[in-house]
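Enquirer: Structure provided below as structure tokens; questions to follow.
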């Protein structure tokens, strides 16, 4: 008997999460983070064939990264992509290790798996 209420609660929470996540466009999320952040840090990714620059934003205790990813070899500005739930520690490690090793490799190691759930 206890299984049915627990299942219903889980199903309700899951449905609410999906509905809420799909109701935010990536552009709207990007605009909100960039305009309303509490703290900002950035790095230029000199020598990277993948990234032009990466910015870190803190908003209400959450970390966000905007990575400007090159669309081709001649792209000097990159296209922005938003990544969510990036801790300050992950950001600092990416920034330090990226400068010494490879921006692209460290981006894949510390950031890329946290793409925001938006459309």
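Residue numbers (this note's numbering): 7 to 125. From the three backbone atoms N, C-alpha and C, an ideal C-beta is built for every residue, glycine too.
(1) Kindly list the residues whose CB is nearer than 8 Å to the CB of residue 96, restricted to its own chain and excluding five residues on each side of it in sequence; keep chain order.
(2) Cβ atoms of residue 85 and residue 92: under 9 Å apart, would you say?
(3) Short of 8 Å in beta carbon distance, which residues of its chain neighbour residue 120, apart from the five on each side in sequence? Order them along the chain.
(4) Leaving out five residues before and five after residue 125 in sequence, what residues of the same chain have Cβ atoms less than 8 Å from its Cβ?
(5) Using alpha carbons as the reference points, say which of 66, 54, 56, 53 lies closest to residue 40.
(6) Give the straight-line distance between the Cα atoms of residue 112 and residue 60, rounded to the nearest whole angstrom.
Expert: Taking the coordinates as given:
(1) Closer than 8 Å at Cβ, skipping near neighbours: 69, 116, 117.
(2) It is not a contact, given that the beta carbons lie outside the stated cut-off.
(3) Exclusion of the five residues before and after residue 120 leaves 71, 89, 90, 91, 92 as the residues of its chain whose Cβ lies within less than 8 Å of its Cβ.
(4) Leaving aside the five residues that flank residue 125 on each side, the residues in its chain whose CB is nearer than 8 Å to its CB run, in chain order, 28, 30, 31, 32.
(5) Nearest option by C-alpha distance: 66.
(6) The straight-line gap from Cα to Cα measures roughly 12 Å.
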